[in-house]
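So the sequence shown is numbered by our numbering: it starts at 718 and just counts up by one.
Glycine included, every Cβ here is placed at the ideal spot set by N, Cα and C.
Report on the structure given below.
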Amino acid sequence: MSGEAIIGKAARVNLWALALMLPIAMVAGYTYAGVEGLIGAGLGVGLGFGFFLITALSVTLVSSRAPKLVEAVVLGGWLVKLLLFILIFAALRDAAWMNDVTFAFSVATAALLGLAIEVFVVIRAKGTYVTPE
Numbered sequence: 718m719s720g721e722a723i724i725g726k727a728a729r730v731n732l733w734a735l736a737l738m739l740p741i742a743m744v745a746g747y748t749y750a751g752v753e754g755l756i757g758a759g760l761g762v763g764l765g766f767g768f769f770l771i772t773a774l775s776v777t778l779v780s781s782r783a784p785k786l787v788e789a790v791v792l793g794g795w796l797v798k799l800l801l802f803i804l805i806f807a808a809l810r811d812a813a814w815m816n817d818v819t820f821a822f823s824v825a826t827a828a829l830l831g832l833a834i835e836v837f838v839v840i841r842a843k844g845t846y847v848t849p850e
């Protein structure tokens, strides 16, 4: 299985997990904190899975290029996402229109689930470790 196929499969499974987790998190958020909890949970799940899907897209776009470029895009993408994550959390810190507890819990849960999915897909992938000449 090629690297593009592995990333594509991880992205597809992450999209399915997003589709399953989003309504569950929003119902739980609404139960916990009303409409503000629903909004916080929805944004949190979207943000958590969005970062994984951005990584998959960026790797897919540069995977046929030189390995150093792929490495630079992945590491640079992580740095940009980390800065965006900090800015988003800082901007939403005092938002009265959403519940910060449901937002934080949803982001953390989505991130852990997305990471678990990517690890599972990569471990189960069958591919060559050495490129034949």
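Any idea what DSSP makes of residue i, helix, strand or coil?
i, result
"residue 789", "helix"
"residue 841", "helix"
"residue 817", "helix"
"residue 781", "coil"
"residue 669", "Not covered by the structure: residue 669. The range shown for the chain is 718 to 850."
"residue 775", "helix"
"residue 823", "helix"
Return the residue from the list the options that minimises the CA-CA distance to residue i.
i, options, result
"residue 773", "831, 803 and 785", "831"
"residue 812", "760, 736, 741 and 743", "760"
"residue 757", "789, 780 and 824", "824"
"residue 815", "766, 842, 749 and 800", "749"
"residue 827", "730, 726 and 723", "730"
"residue 766", "837, 803, 810 and 733", "733"
"residue 739", "837, 822 and 841", "822"
"residue 791", "768, 809, 744 and 802", "768"
Which whole-angstrom value is the C-beta distance of residue i and residue j, which I expect to be below 8 Å?
i, j, result
"residue 796", "residue 728", "No, residue 796 and residue 728 are not in contact; Cβ-Cβ is about 21 Å, not under 8 Å."
"residue 735", "residue 762", "7 Å"
"residue 777", "residue 721", "6 Å"
"residue 819", "residue 751", "Not quite, the Cβ-Cβ distance comes to about 10 Å (not below 8 Å), so this is no contact."
Is the Cβ of residue i closer than 7 Å to any Cβ of chain D?
i, result
"residue 738", "No chain D appears in this structure, which consists of one protein chain only."
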